[in-house]
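Note sheet for the following structure.
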Amino acid sequence: MPISILPHGKDGQELFNAISSFFSVFRIGNLLRKCNVQKEKGVSVIDISKYKLCNVFAGRNMYMQQKTSFFKEAFSMNTFYRFLNSPKTNWLRFTTLLSKKVADIIVPLTSEKRVNAFVVDDSLSEPTSCKQTELGSRVFDHTSMKYRMGYRPMTLGWTDGNTFLPVNSCLLASSKESNLISPIGQYDGRSLAARRRKLVQTKGTEAMI
1 MPISILPHGK DGQELFNAIS SFFSVFRIGN LLRKCNVQKE KGVSVIDISK
51 YKLCNVFAGR NMYMQQKTSF FKEAFSMNTF YRFLNSPKTN WLRFTTLLSK
101 KVADIIVPLT SEKRVNAFVV DDSLSEPTSC KQTELGSRVF DHTSMKYRMG
151 YRPMTLGWTD GNTFLPVNSC LLASSKESNL ISPIGQYDGR SLAARRRKLV
201 QTKGTEAMI
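Quick note: the sequence shown uses the UniProt record's numbering, first residue 1, plus one each step.
See the structure below:
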(Lines of atoms letter the chains of each structure in order from A; the text may use other names.)
(Lines give C-alpha, C1' and ligand atoms only; values in the text may rest on other atoms or scores of the structure.)
Protein backbone atom coordinates (compact mmCIF):
# COMPACT_ATOMS: atom_id res chain seq x y z
CA MET A 1 0.00 0.00 0.00
CA PRO A 2 1.34 3.50 -0.88
CA ILE A 3 1.29 4.74 2.73
CA SER A 4 2.88 8.08 1.89
CA ILE A 5 -0.20 9.36 0.08
CA LEU A 6 -2.64 8.60 2.88
CA PRO A 7 -3.44 9.95 6.34
CA HIS A 8 -2.02 7.81 9.12
CA GLY A 9 -4.15 5.25 10.89
CA LYS A 10 -7.30 3.29 10.13
CA ASP A 11 -8.94 6.05 8.07
CA GLY A 12 -6.04 6.06 5.62
CA GLN A 13 -6.22 2.32 5.13
CA GLU A 14 -9.99 2.46 4.57
CA LEU A 15 -9.58 5.25 2.03
CA PHE A 16 -7.05 3.29 0.00
CA ASN A 17 -9.17 0.12 0.21
CA ALA A 18 -12.29 1.99 -0.95
CA ILE A 19 -10.48 3.49 -3.95
CA SER A 20 -8.91 0.14 -4.86
CA SER A 21 -12.34 -1.52 -4.68
CA PHE A 22 -13.83 1.19 -6.92
CA PHE A 23 -11.07 0.66 -9.49
CA SER A 24 -11.74 -3.08 -9.46
CA VAL A 25 -15.56 -2.97 -9.64
CA PHE A 26 -15.67 -0.44 -12.48
CA ARG A 27 -12.59 -1.80 -14.27
CA ILE A 28 -10.90 1.60 -14.37
CA GLY A 29 -7.80 0.19 -16.08
CA ASN A 30 -9.90 -1.02 -19.02
CA LEU A 31 -11.62 2.38 -19.30
CA LEU A 32 -8.27 4.19 -19.27
CA ARG A 33 -6.97 2.02 -22.12
CA LYS A 34 -10.08 2.81 -24.17
CA CYS A 35 -9.26 6.51 -23.73
CA ASN A 36 -5.61 6.25 -24.88
CA VAL A 37 -4.15 6.22 -21.36
CA GLN A 38 -1.25 3.79 -21.19
CA LYS A 39 2.44 3.61 -20.35
CA GLU A 40 5.03 1.59 -22.21
CA LYS A 41 7.23 1.16 -19.13
CA GLY A 42 7.64 2.28 -15.56
CA VAL A 43 4.88 2.83 -12.97
CA SER A 44 1.41 1.80 -14.15
CA VAL A 45 -1.28 4.38 -14.86
CA ILE A 46 -3.44 2.63 -12.26
CA ASP A 47 -0.95 3.46 -9.50
CA ILE A 48 -0.70 7.08 -10.62
CA SER A 49 -4.51 7.35 -10.83
CA LYS A 50 -4.93 5.92 -7.33
CA TYR A 51 -2.30 8.36 -6.04
CA LYS A 52 -4.23 11.27 -7.52
CA LEU A 53 -7.57 10.17 -6.06
CA CYS A 54 -6.07 9.45 -2.64
CA ASN A 55 -4.65 12.97 -2.58
CA VAL A 56 -8.03 14.46 -3.53
CA PHE A 57 -9.95 12.69 -0.78
CA ALA A 58 -7.19 13.12 1.80
CA GLY A 59 -6.90 16.85 1.05
CA ARG A 60 -3.24 16.63 0.02
CA ASN A 61 -1.17 17.59 -3.01
CA MET A 62 2.15 16.63 -4.54
CA TYR A 63 3.70 20.07 -4.12
CA MET A 64 3.33 20.09 -0.32
CA GLN A 65 4.40 16.46 -0.07
CA GLN A 66 7.65 17.30 -1.82
CA LYS A 67 8.15 20.46 0.24
CA THR A 68 7.84 18.44 3.46
CA SER A 69 9.82 15.43 2.14
CA PHE A 70 6.64 13.36 2.46
CA PHE A 71 6.62 12.30 -1.20
CA LYS A 72 8.10 8.81 -1.51
CA GLU A 73 6.40 7.45 -4.62
CA ALA A 74 8.10 5.39 -7.34
CA PHE A 75 7.46 8.07 -9.99
CA SER A 76 8.65 11.64 -10.47
CA MET A 77 6.72 14.89 -10.60
CA ASN A 78 7.35 15.07 -14.37
CA THR A 79 5.81 11.62 -14.84
CA PHE A 80 2.76 12.66 -12.82
CA TYR A 81 2.14 15.85 -14.80
CA ARG A 82 2.77 14.16 -18.14
CA PHE A 83 0.05 11.70 -17.16
CA LEU A 84 -2.41 14.50 -16.36
CA ASN A 85 -1.55 16.73 -19.33
CA SER A 86 -1.07 14.21 -22.14
CA PRO A 87 -2.75 15.60 -25.30
CA LYS A 88 -3.55 12.03 -26.37
CA THR A 89 -5.78 11.27 -23.38
CA ASN A 90 -9.51 11.55 -24.01
CA TRP A 91 -10.63 12.50 -20.50
CA LEU A 92 -14.05 13.56 -21.79
CA ARG A 93 -14.68 10.03 -23.05
CA PHE A 94 -13.30 8.52 -19.85
CA THR A 95 -15.69 10.40 -17.55
CA THR A 96 -18.59 9.64 -19.91
CA LEU A 97 -17.89 5.89 -19.93
CA LEU A 98 -17.39 5.84 -16.16
CA SER A 99 -20.62 7.70 -15.40
CA LYS A 100 -22.48 5.28 -17.70
CA LYS A 101 -21.16 2.32 -15.68
CA VAL A 102 -22.20 3.95 -12.40
CA ALA A 103 -25.65 4.88 -13.75
CA ASP A 104 -26.22 1.30 -14.92
CA ILE A 105 -25.87 0.19 -11.28
CA ILE A 106 -28.07 2.96 -9.86
CA VAL A 107 -31.03 2.71 -12.27
CA PRO A 108 -32.22 -0.80 -11.26
CA LEU A 109 -32.21 0.27 -7.60
CA THR A 110 -34.81 3.03 -8.08
CA SER A 111 -38.48 3.09 -8.98
CA GLU A 112 -39.46 2.64 -12.63
CA LYS A 113 -41.62 5.74 -12.22
CA ARG A 114 -38.55 7.88 -11.54
CA VAL A 115 -37.65 10.10 -14.49
CA ASN A 116 -34.04 10.13 -15.70
CA ALA A 117 -32.76 13.34 -17.24
CA PHE A 118 -29.66 15.17 -18.41
CA VAL A 119 -28.77 18.52 -16.83
CA VAL A 120 -26.57 21.10 -18.56
CA ASP A 121 -25.01 24.11 -16.85
CA ASP A 122 -22.68 26.77 -18.28
CA SER A 123 -22.19 29.18 -15.38
CA LEU A 124 -19.31 31.59 -15.91
CA SER A 125 -15.93 30.85 -14.39
CA GLU A 126 -14.06 34.10 -13.86
CA PRO A 127 -10.40 33.61 -12.84
CA THR A 128 -8.42 36.55 -11.51
CA SER A 129 -6.17 36.39 -14.55
CA CYS A 130 -6.21 34.38 -17.77
CA LYS A 131 -4.00 36.49 -20.03
CA GLN A 132 -1.37 33.77 -20.19
CA THR A 133 -3.86 30.88 -20.35
CA GLU A 134 -4.55 29.48 -23.80
CA LEU A 135 -7.86 30.63 -25.29
CA GLY A 136 -8.60 32.97 -22.38
CA SER A 137 -11.17 35.44 -23.68
CA ARG A 138 -13.89 37.96 -22.99
CA VAL A 139 -17.10 35.94 -22.63
CA PHE A 140 -20.65 37.12 -22.10
CA ASP A 141 -22.13 36.56 -18.65
CA HIS A 142 -25.92 36.12 -18.97
CA THR A 143 -26.36 36.71 -15.23
CA SER A 144 -24.81 40.18 -15.08
CA MET A 145 -25.38 40.85 -18.82
CA LYS A 146 -21.76 41.95 -19.13
CA TYR A 147 -18.58 40.70 -20.79
CA ARG A 148 -16.01 39.27 -18.40
CA MET A 149 -12.58 37.70 -18.72
CA GLY A 150 -12.53 33.94 -18.28
CA TYR A 151 -14.29 30.85 -19.58
CA ARG A 152 -17.74 29.32 -19.52
CA PRO A 153 -17.39 25.77 -18.22
CA MET A 154 -20.23 23.72 -19.71
CA THR A 155 -21.02 20.69 -17.57
CA LEU A 156 -23.25 17.76 -18.48
CA GLY A 157 -24.80 15.72 -15.69
CA TRP A 158 -27.26 12.84 -15.30
CA THR A 159 -29.93 12.67 -12.62
CA ASP A 160 -32.86 10.50 -11.60
CA GLY A 161 -34.27 13.25 -9.38
CA ASN A 162 -32.41 12.01 -6.33
CA THR A 163 -28.86 11.13 -7.45
CA PHE A 164 -26.68 13.39 -9.59
CA LEU A 165 -23.73 12.12 -11.66
CA PRO A 166 -21.34 14.43 -13.53
CA VAL A 167 -20.90 13.02 -17.04
CA ASN A 168 -18.41 15.32 -18.74
CA SER A 169 -17.53 18.98 -19.25
CA CYS A 170 -15.67 21.40 -21.49
CA LEU A 171 -14.52 24.99 -21.26
CA LEU A 172 -16.10 27.44 -23.68
CA ALA A 173 -14.29 30.54 -24.92
CA SER A 174 -15.23 33.22 -27.43
CA SER A 175 -15.20 32.25 -31.10
CA LYS A 176 -14.42 35.86 -32.09
CA GLU A 177 -10.73 36.60 -32.54
CA SER A 178 -11.27 40.15 -31.23
CA ASN A 179 -12.41 38.76 -27.87
CA LEU A 180 -9.39 36.50 -27.35
CA ILE A 181 -6.87 37.88 -24.87
CA SER A 182 -4.32 35.05 -24.95
CA PRO A 183 -2.54 33.04 -27.68
CA ILE A 184 -3.76 29.82 -29.27
CA GLY A 185 -1.41 26.86 -29.60
CA GLN A 186 -0.90 25.18 -32.97
CA TYR A 187 -1.82 21.50 -33.22
CA ASP A 188 -2.32 18.91 -35.93
CA GLY A 189 -5.97 19.24 -36.93
CA ARG A 190 -6.39 15.46 -36.78
CA SER A 191 -5.27 15.23 -33.15
CA LEU A 192 -7.46 15.03 -30.06
CA ALA A 193 -5.90 18.24 -28.72
CA ALA A 194 -6.94 20.15 -31.85
CA ARG A 195 -10.49 18.79 -31.71
CA ARG A 196 -10.85 19.82 -28.08
CA ARG A 197 -9.67 23.35 -28.86
CA LYS A 198 -12.15 23.53 -31.71
CA LEU A 199 -14.89 22.49 -29.29
CA VAL A 200 -13.84 25.26 -26.90
CA GLN A 201 -14.69 27.88 -29.54
CA THR A 202 -18.01 26.28 -30.49
CA LYS A 203 -21.33 27.93 -29.62
CA GLY A 204 -22.80 26.67 -26.37
CA THR A 205 -25.86 25.09 -27.97
CA GLU A 206 -23.71 23.15 -30.44
CA ALA A 207 -21.21 22.07 -27.76
CA MET A 208 -24.09 20.84 -25.62
CA ILE A 209 -25.33 18.51 -28.39
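The beta-carbon is built from N, C-alpha and C at its ideal position, and this holds for glycine as well. This structure is a prediction, so every number in the text was calculated from the model and none was measured.
Leaving aside the five residues that flank Val120 on each side, the residues in its chain whose CB is nearer than 8 Å to its CB run, in chain order, Met154, Thr155, Leu156, Gly157, Met208. Under the DSSP assignment, Thr89 falls outside any alpha helix (DSSP H); it carries neither an H nor an E label. By the Cβ neighbour-count rule, Thr89 is buried, with 16 or more other Cβ atoms within 10 Å of its own. Annotation for Asn162: Thr110, Arg114 place their beta carbon closer than 8 Å to its own, counting only its chain and skipping 5 residues before and after. The continuous beta strand (DSSP E) containing Val120 extends over residues 117–121. Residue burial is scored here from C-beta neighbours: Ile48 has at least 16 other C-beta atoms within 10 angstroms and is therefore classed as buried. Tyr187 carries a coil assignment under DSSP once its states are collapsed to helix, strand and coil. Judged by DSSP secondary structure, Asn55 falls outside any beta strand (DSSP E) and instead within the alpha helix (DSSP H) spanning 45–58. When beta bridges are read from the DSSP output, Asp141 appears opposite Lys146. Counting along the chain, the unbroken beta strand (DSSP E) around Arg152 starts and ends at 152–159.
Leu172 is bridged by DSSP to Arg152.
For Thr205, the enclosing alpha helix (DSSP H) starts and ends at 204–208.
Using a 10 angstroms sphere on the CB of Arg82, the tally of other CB atoms stays under 16, which defines it as exposed.
In the DSSP annotation of this structure, the continuous segment of the alpha helix (DSSP H) that includes Asn30 starts and ends at 28–34. Cα atoms of Lys146 and Thr202: separation of roughly 20 Å, rounded to the nearest angstrom.
Judged by DSSP in its simplified three-state form, Leu124 adopts coil rather than helix or strand. Bounds of the alpha helix (DSSP H) holding Leu192 are 192–200.
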